[in-house]
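Read in UniProt numbering, the sequence shown has 311 at position 311, and its numbers run on one by one without any break.
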Amino acid sequence: MFHVLVSDSMSNEGLAPLLENPHLQIIQKNINEVSESLHQYDALVVRSATKVTEDLLSKMSNLKIIARAGVGVDNIDVEAATKHGVIVINAPDGNTISTAEHTFAMMASLVRHIPQANISVKSREWNRSSYVGTELAGKHLGIIGFGRIGSEIAKRARAFDMQVHVFDPFLPKTRAEKLGVDICTLEEVLKIADIITVHTPLTKDTKGLLGKENLAKTKKGVYLLNCARGGIIDENAVIHFLESGHVAGMALDVFEIEPPTNQRLIEFEQVIATPHLGASTKEAQLNVASQVAREVSDFFNGKPVTSSINLPAMSKDVYEKIQPYYELSKKMGLIVSQCMNEPVQEISITYAGSVTDLETSFITRGLLSGFLTTRIDTTINEVNAAMISKELGITFGDKVSSNTYGYSNSITVVAIGETKTFEIRGTYVAHYGGRIVSLNGFNIDFSPEGNLLYIQHTDRPGVIGKVGNILGDNEINIATMQVGRKEMGGEAIMMLSFDKPIQENVGHVLKNVGDIVNIRKIDL
Ligand SMILES: NC(=O)C1=CN([C@@H]2O[C@H](COP(=O)(O)OP(=O)(O)OC[C@H]3O[C@@H](n4cnc5c(N)ncnc54)[C@H](O)[C@@H]3O)[C@@H](O)[C@H]2O)C=CC1
Ligand SMILES: O=C(O)C(=O)COP(=O)(O)O
Numbered sequence: 001m002f003h004v005l006v007s008d009s010m011s012n013e014g015l016a017p018l019l020e021n022p023h024l025q026i027i028q029k030n031i032n033e034v035s036e037s038l039h040q041y042d043a044l045v046v047r048s049a050t051k052v053t054e055d056l057l058s059k060m061s062n063l064k065i066i067a068r069a070g071v072g073v074d075n076i077d078v079e080a081a082t083k084h085g086v087i088v089i090n091a092p093d094g095n096t097i098s099t100a101e102h103t104f105a106m107m108a109s110l111v112r113h114i115p116q117a118n119i120s121v122k123s124r125e126w127n128r129s130s131y132v133g134t135e136l137a138g139k140h141l142g143i144i145g146f147g148r149i150g151s152e153i154a155k156r157a158r159a160f161d162m163q164v165h166v167f168d169p170f171l172p173k174t175r176a177e178k179l180g181v182d183i184c185t186l187e188e189v190l191k192i193a194d195i196i197t198v199h200t201p202l203t204k205d206t207k208g209l210l211g212k213e214n215l216a217k218t219k220k221g222v223y224l225l226n227c228a229r230g231g232i233i234d235e236n237a238v239i240h241f242l243e244s245g246h247v248a249g250m251a252l253d254v255f256e257i258e259p260p261t262n263q264r265l266i267e268f269e270q271v272i273a274t275p276h277l278g279a280s281t282k283e284a285q286l287n288v289a290s291q292v293a294r295e296v297s298d299f300f301n302g303k304p305v306t307s308s309i310n311l312p313a314m315s316k317d318v319y320e321k322i323q324p325y326y327e328l329s330k331k332m333g334l335i336v337s338q339c340m341n342e343p344v345q346e347i348s349i350t351y352a353g354s355v356t357d358l359e360t361s362f363i364t365r366g367l368l369s370g371f372l373t374t375r376i377d378t379t380i381n382e383v384n385a386a387m388i389s390k391e392l393g394i395t396f397g398d399k400v401s402s403n404t405y406g407y408s409n410s411i412t413v414v415a416i417g418e419t420k421t422f423e424i425r426g427t428y429v430a431h432y433g434g435r436i437v438s439l440n441g442f443n444i445d446f447s448p449e450g451n452l453l454y455i456q457h458t459d460r461p462g463v464i465g466k467v468g469n470i471l472g473d474n475e476i477n478i479a480t481m482q483v484g485r486k487e488m489g490g491e492a493i494m495m496l497s498f499d500k501p502i503q504e505n506v507g508h509v510l511k512n513v514g515d516i517v518n519i520r521k522i523d524l
């Protein structure tokens, strides 16, 4: 039974795939109410209110997946989650329309002073001359961050006859052209726009993006909107521009601290605000809750997640194709680690043949996770393997080659240690499974599974017999045996597999057999 904690308020209808899954136990409680049982949860489902810090993660020792029922993951320490091997997913498009519509409603309200006029009428005033507004038609709208929400705003702005100018350094030109917007530099947007709206994530690059310096470059009388994340427009910096009248008005749905503590900013007559309502519609909440519920349910049913923040995105079909290679590479990593009884500084992986059509970075993660599993005492998986390898100073890289060594596909791994180098090659044969076809240059063919013994020896008559006798004397049944050599009388190897794990002392006894140079026990 998996335990799922849903710690922010969410649509129960949307959560149905979780609530109806008999293998999951769902607890809907605030994170502060479950401080005693944090270690028991396998999944955590949040919106923006729960702060998933490194400290919280270290208390949630059983956690496997964090699901953000929304877009922004700035409330989650994704780096710490990755380090702990916890997958982070979000619901990337479930609230796009709601947030775009909210932004547009804020824009119209801002330039027509609707919130202020509403308060005035409710106070029994009839003050028409104080609320003369500005038309949107013909105005230059600057959109900073042209992703899902930014694009939806552009569509709506065009319907209002606005001229749209966008700044997004990561925007593919073809996409902007398709939407018929003017692609600009940040300087150009700041200079031309009558209204500026920000729609980037909050990152170290976007924090304070509209600060004192950039605000000074805007048009006098500009209107500003922040319905993305508090801090993209620096709250303290903007106060000065509101006081001087350079900024004619501002709409905020999000704040640097929520609920906001910067009363000075909110109290300006020309500032309008909502309490982080962008995604608060029935439709968006149903969408985001059902998106993450489906993903978490799939995850616990062993299916791939499709909207992970810290794993390559993958559809079910692609995942099914990758899975056998991932399993093979993980086993190869385990073999490398157990055969090399010394620190490893470098691991290089070469892919060839049909495997190169797949997302090989995921397969590399499998290899690294297999390699690290026997070496360090933390949860290692495809999420954190690359990060931990880097932390341990292991450099790794993958490349593609046209040499498949006669197989339809091959994965070759070379690990360089302090004193030796180890090379292993594997291939996946459809309906048959993964095979190891070469070890340190010796051709061999075995299935990477179970309890194995790798023996390097000199190719001389009687060595194989002696090994067989010693194992027999110790009641150890050899299930399979593969031998390989490069030339008669030279170096040779044996790979033996057993029905059950062999005792440590057998390895010691075998070491006394003359001509054996190295013995490694491998558990897969
Ligand atoms: N108020 C609310 O309730 C909601 C707020 N949001 C916020 O809106 C943000 C945007 O959401 P989406 O459009 O769905 O995300 P998205 O990922 O589709 O788009 C973000 C865009 O920002 C661009 N970007 C990143 N760094 C940039 C930079 N330094 N300068 C300019 N552009 C940059 C990216 O290239 C991308 O195109 C989210 O990250 C979230 O913080 C999202 C949903 C609801
Ligand atoms: O999806 C987002 O990024 C949002 O900001 C929505 O936040 P919420 O889920 O309403 O707390």
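Glycine is no exception: its CB is placed at the ideal position from the N, C-alpha and C atoms.
Here the structure is a predicted model, which means the values were calculated and not measured.
(message) Please return the same chain residues whose Cβ sits closer than 6 Å to the Cβ of I436, not counting the five positions on each side in sequence.
(response) G426, F446, P448
(request) Decide if D499 is buried, meaning its Cβ has at least 16 other Cβ atoms within 10 Å, or exposed. (result) exposed
(request) With a 10 Å radius around its C-beta and 16 neighbouring C-beta atoms as the bar for buried, classify Y326 as buried or exposed. (result) buried
(message) What does DSSP give as the partner residue(s) for L224 in the beta ladder?
(response) I196, M250
(request) Quick one: grab the DSSP three-state call for H113. (result) coil
(message) What does the Cβ neighbour count give for V517, buried or exposed, with the cut at 16 atoms within 10 Å?
(response) exposed
(message) The alpha helix (DSSP H) that contains I153, what's its start and end?
(response) 148-159
(request) Taking all protein chains shown into account, decide if G302 is buried (16 or more other Cβ within 10 angstroms of its Cβ) or exposed. (result) exposed
(request) Could you check how far apart the C-beta atoms of G484 and S290 are, in whole angstroms? I think they sit under 8 Å. (result) Not confirmed; about 54 Å, so no contact.
(message) Judging by CA-CA distance, which residue of I192, A43, L38, Q28 is the nearest neighbour of M1?
(response) A43
(message) To the nearest angstrom, how far is the alpha carbon of K83 from that of M60?
(response) 13 Å
(message) Within 8 Å, do at least three Cβ pairs link the stretch 338-347 to the stretch 410-419?
(response) yes
(request) Flag this pair as yes or no: are the beta carbons of T356 and V400 separated by less than 8 Å? (result) yes
(message) Run through the DSSP bridge pairs and tell me what V166 is partnered with.
(response) I143, I183
(request) Express the C-alpha separation of A228 and P304 in angstroms, rounding to a whole number. (result) 29 Å
(message) At a threshold of 7 Å, does H165 count as lining ligand 1 (C-beta to nearest heavy atom)?
(response) no
(message) Taking the alpha carbon of N32 as the reference point, which residue from P22, V6, N95 has its own alpha carbon closest?
(response) V6
(message) I need the DSSP call for F300, collapsed to helix, strand or coil.
(response) helix
(request) Grab me the residues of F104's own chain with a C-beta within less than 7 Å of its C-beta, minus the 5 sequence neighbours each way, in chain order. (result) I153, R156
(message) Which residues does DSSP list as the beta-bridge partners of H508?
(response) Paired residue(s): none; H508 is not in a bridge.
(request) Tell me, to the nearest whole angstrom, how far the beta carbon of T364 is from that of D317; I am working on the premise that it is less than 8 Å. (result) The Cβ separation is near 20 Å, so there is no contact.
(message) Under 7 Å: does the beta carbon of V88 sit that close to some heavy atom of ligand 1?
(response) no
(message) For the stretch 268-288 against the stretch 239-257, do three or more pairs of beta-carbon atoms, one drawn from each stretch, fall closer than 8 Å, so that the two count as touching?
(response) yes
(message) Under 7 Å: does the beta carbon of residue 596 sit that close to some heavy atom of ligand 1?
(response) Given a span of 1 to 524 for the chain in the structure shown, any question on residue 596 remains unanswerable.
(message) Between S123, K204, D298, which has its C-alpha nearest I65's C-alpha?
(response) D298
(message) I'd like the list of long-range same chain contacts for T480, defined as Cβ closer than 6 Å, with 5 residues on each side in sequence excluded.
(response) S497
(message) To the nearest angstrom, how far is the alpha carbon of F167 from that of S438?
(response) 52 Å
(request) Run the CB neighbour count on R124, radius 10 Å, all protein chains shown included, and call it buried at 16 or more, exposed below. (result) exposed
(message) Between which residues of its own chain and G150 is the CB-CB distance below 6 Å, once the five residues before and five after are set aside?
(response) I143, H199
(message) Whole angstroms are fine: how far does the CA of Q503 sit from the CA of A293?
(response) 46 Å
(message) Between which two residues does the alpha helix (DSSP H) holding V463 run?
(response) 463-473
(message) I'd like to know whether the C-beta atoms of G85 and N512 end up nearer to each other than 8 Å.
(response) no
(request) State the DSSP-derived secondary structure class of M340, mapped to helix, strand or coil. (result) coil
(message) Can you tell me where the beta strand (DSSP E) holding T480 begins and where it ends?
(response) 478-485
(request) Return the CA-CA distance between I233 and N95, expressed in angstroms with no decimal places. (result) 22 Å
(request) Check whether the Cβ atoms of E382 and F362 sit closer than 8 Å, and answer yes or no. (result) yes
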